[in-house]
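Structure first, then comments.
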Amino acid sequence: MISLRHITIQAGSFHLRDLSMEIPTGSHTALMGRTGSGKTTLLEGICGLRSVRSGSIWVGDREVTNLLPGQRGIGLVPQDGALFDHLTVRQHLEFALEVRGWATERRETRSQELAEWLGLTSLLDRLPAGMSGGERQRVALGRALAFHPPVLCLDEPLSALDDQTRGEIVAVLTEIRNRTGITILHITHNRSEAERLADRILHLRDGRLES
Amino acid sequence: MVVADLFYTTPGHLWHALGSPEIRYAIRLSLLSCTLTTLLSLWVAVPIGYLMARFEFPGRAFLDALLDIPIVLPPLVIGLSLLILFQTAPLRALETVFPVTYAVPSVILAQFMVACAFAVRTLRTTFAQINPRQEQVAMTLGCNRAQAFWRVVLPAARPGILTAATLAWARALGEFGPILVFSGATRMKTEVLPTTVFLELSVGRLEAAVAVSLLMMGSAVVALLLVRTWGGTGLAGVSSFRNG
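Quick mapping for you: the protein sequence lines, in order, are chains Z and S.
Going by our numbering, the first residue of the first sequence is number 123, and it counts up by one from there.
Going by our numbering, the first residue of the second sequence is number 30, and it counts up by one from there.
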């Protein structure tokens, strides 16, 4: 479960004030709102990439408000994937595991497992340059899921994809949820995408949340 | 211009010039000082370029202007300012144990003042072009800010760092004005290649001056080819590549 309790976040002259919400464990929650409504600011606050001025953020029964991003147990998939151009797909899948000090054998087992699951086996030694949008997003998903985070945050992961690739990633996201039971917070502009994937849709309007 | 220089000199002049102990000293000192200047410039420019590209802080615009001063100041003024700086009490005390003015360290310092400004500008543009989301994702994956910088930002900035290094090296090689004022033009002591051109011209040995000039032109062409090979990342931030 993700729980936000009366949080206030400032981003330049923009404020999210006294915002509270609960996202149940294992749910797929879509967060919608107009451009500039603060969706990404909220996501950054939850992930620890933007400081919270007041209030608290909980992941499960752990308060994470003042923890570093890497200590929160949240995987992040940005809109463009934000892949590391100098690393191969295998190195992407093992990145978090290496930083967290996993043994080589355990890292290799996990990256192989993710590659098979996400259809990346033939790409393991490729660099991101020249990959399709769908392949890039699958790598970004694998990288975020590698360390078994209890929460996955998706920032418009389908918006830059064509219709066919979008369908492919929707299927991958559905499978991720079914297999892992992970809690997903998914920012999107697209209502049909939200209705297809999410079991709860929230709207952020003028800094306030509406169901 | 280059063709005219080429026709003015002969391989014999060039060979004779390379055989001169003074010119060989100048080549050695130029290579050594430019390399040390480049390393020092990168050591300073990488953190400053990153700071300027990523963070907002009070006085940022002032610092930005300050960093560009060596690029816009007349070279002689940079030399004069360095000379005056080393007349202050603390630095005069330093010079009693570690001579700088009119010695080899002054050559490196004079080259560093301008080369570093070019390296900072190049690297600031390089870091600004790297998607900050990559760093943020690395942090959610378990990196602290320093680890994200080493593992993600620095490798992504590699072409820009190589470009900055090449520009700093080439800029240092052509530096003359500050060196003349701050280091003097003493043969076999503070003589670098531009000093040699000046000294040879001043005694009327035009052939030797042209031969050394051609050496410098060759180095500049190699440096610019390397910059283009490495992709020229960050060159947009360098508005001019003036001679000192």
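Yeah, the Cβ is synthetic: ideal placement off N, Cα and C, and Gly gets one too.
Keep in mind the model is a prediction, meaning the values are calculated, not measured.
Meets three-Cβ-pair contact criterion under 8 Å: the segment 185 to 204 of chain S and the segment 241 to 250 of chain Z: no
Whole-angstrom distance between T154 (chain S) and G263 (chain S), CA atom to CA atom: Below a pLDDT of 50, predicted positions are generally treated as unreliable, and G263 (chain S), at 44, falls in that range; the measurement from the model is reported next regardless. In a straight line, the C-alpha of G263 (chain S) is about 5 Å away from that of T154 (chain S).
N-terminal and C-terminal residue of the beta strand (DSSP E) that C275 (chain Z) is part of: 273 to 277
Neighbouring residues, chain S, relative to R222 (chain Z) (Cβ below 8 Å): Near R222 (chain Z) (Cβ distances below 8 Å), the residues of chain S are G171.
Reference L180 (chain S), options S:I190, S:L191, S:Q163, closest by Cα: The sequence given here places Arg at residue 180 (chain S); Leu does not occur at that position. Comparing Cα-Cα distances from R180 (chain S) to each of S:I190, S:L191, S:Q163, the minimum goes to S:Q163.
At least three beta-carbon pairs within less than 8 Å, the segment 190 to 197 of chain Z to the segment 157 to 170 of chain Z: Yes: at least three Cβ pairs fall under 8 Å.
Proximal chain Z residues relative to P184 (chain S), where beta-carbon distance stays under 7 Å: H208
Neighbour flag for F217 (chain Z) against chain S, beta carbons, 8 Å: yes
Anticipated Cβ contact below 8 Å, L209 (chain S) with G108 (chain S), distance rounded: 6 Å
9 Å Cβ cut-off: residues of chain S touching R265 (chain Z): V166, L170
Straight-line gap, H42 (chain S) to L228 (chain S) (C-alpha atoms, nearest Å): 16 Å
Cβ shell of V267 (chain S) (< 7 Å), same chain only, five flanking positions each side left out: A caution first: V267 (chain S) carries a pLDDT of 41, below 50, which makes its placement in the model unreliable, though a value can still be read off. Cβ within range, chain order: F147, R150, T151, L196.
Chain-ordered residues of the segment 187 to 201 of chain Z with a beta carbon less than 9 Å from chain S: Hits within the stretch, in order: L190, P191, G192, Q193, R194, I196, G197, L198, V199, P200, Q201.
Assigned exposure category for L95 (chain S) - 16 Cβ within 10 Å defines buried: exposed
Chain S contact residues for L171 (chain Z), given Cβ-Cβ distances below 8 Å: Q165, M168, T169
Any chain S beta carbon closer than 8 Å to A204 (chain Z): yes
Residue-level contact to chain Z via CB, Q176 (chain S), 8 Å cutoff: yes
Backbone secondary structure at G247 (chain S) - three-state DSSP: helix
Partner residues on chain Z for R162 (chain S), Cβ-Cβ distance less than 8 Å: Within chain Z, the residues near R162 (chain S) are P200, D202, A204.
Proximity to T219 (chain S) [Cα-Cα], best of S:L35, S:S70, S:V133: Comparing Cα-Cα distances from T219 (chain S) to each of S:L35, S:S70, S:V133, the minimum goes to S:V133.
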